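At position 178 of the sequence shown the residue is numbered 429 (the working numbering), and the sequence of numbers has no breaks. Comments concern the structure below.
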Amino acid sequence: MIEEVRSWIDGAQRVVVLTGAGISTDSGIPDFRGPQGLWTKNPLAEKMSNIHYYLADPEVRKLSWQNRLSSPAWNAKPNAGHLSLFNLFKRQKLHALITQNIDELHQMSGIPPELVIEVHGTMRKVMCWDCGMRAPMQKALDRVRAGEADPKCRECGGILKSDTISFGQQLVPEVIDRAMRVAAEGDVFLAVGTTLQVYPVAGTVEIARDAGSKIVIVNAQPTPFDEVADARFERSISEVLPAILGSASRS
252 MIEEVRSWID
262 GAQRVVVLTG
272 AGISTDSGIP
282 DFRGPQGLWT
292 KNPLAEKMSN
302 IHYYLADPEV
312 RKLSWQNRLS
322 SPAWNAKPNA
332 GHLSLFNLFK
342 RQKLHALITQ
352 NIDELHQMSG
362 IPPELVIEVH
372 GTMRKVMCWD
382 CGMRAPMQKA
392 LDRVRAGEAD
402 PKCRECGGIL
412 KSDTISFGQQ
422 LVPEVIDRAM
432 RVAAEGDVFL
442 AVGTTLQVYP
452 VAGTVEIARD
462 AGSKIVIVNA
472 QPTPFDEVAD
482 ARFERSISEV
492 LPAILGSASR
502 S
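As structure tokens, then:
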């Protein structure tokens, strides 16, 4: 099957990729719903990801800031899976990369930001819930290190949060529209490290299939779309992607 999928990639002109948390676990960033997932091991972490709890409870915000401070993502680097997708870009076959991740490791691998569709935002920026101000996250973290447990917006005094989409928070319509549009434009649709349970993003698989794309799923756990996939791999992402896409060094 590796050889067959590689032939699909070689013959494709436009590959559309969807990635979830599973692609970043080999970089030391835990996923959410897996056996060792962040929410599996700590249900309170899911509560901190809910915008209603976050806005209403200062204690939830204080704990969230401490979690941001100690996030393994700050020291994470792109792994073999990320670099294989960068190789797909270098081969001029990557049409678009839709990601549910907030770590920006795809951009760090060398993939141009304009090809990356971040449906859940980025943890590397902070935003004010009240006035919409945005700034580098590290500036806010420096204030936490200096003793501010729940730093406020310096422009309006509002609540600061990471520039990510929390549960209960509306997705950005323009971003979702673009993700749905590009899903229909590829020859091969590659879903990597995602359970394909969260809509509307999971719907990109249906859109791609209806448009005639080959569907390839690489994920450790079963997904609702396994039966309609043309190929399905449960092996390590860092092994499978270099095998079907080729490997690359960051440049």
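Ideal placement from N, C-alpha and C gives every residue a C-beta, glycine not left out. These numbers were taken from a predicted model, which means no experiment stands behind them.
Annotation: K412 is outside any alpha helix (DSSP H); the continuous beta strand (DSSP E) that includes it extends over L411 to T415. The Cβ atoms of P387 and M359 lie no closer than 7 Å to each other. Rounded to whole angstroms, the gap between the alpha carbons of I488 and C407 is 44 Å. DSSP places K344 outside both helix and strand once states are collapsed to three, so it counts as coil. Taking the CA atoms as reference points, D461 sits about 10 Å from T455. Looking only at Q448, V491, V443 and A453, the smallest Cα-Cα distance to I468 is reached by V443. With contacts defined by Cβ atoms closer than 7 Å, V439 and S464 form a contacting pair.
Rounded to whole angstroms, the separation of the alpha carbons of S322 and Q389 is 12 Å.
In the structure shown, N301 falls within a strand segment according to DSSP collapsed to helix, strand and coil. V491 and Q351 do not touch by the CB rule: their CB atoms are close to 19 Å apart, not below 8 Å.
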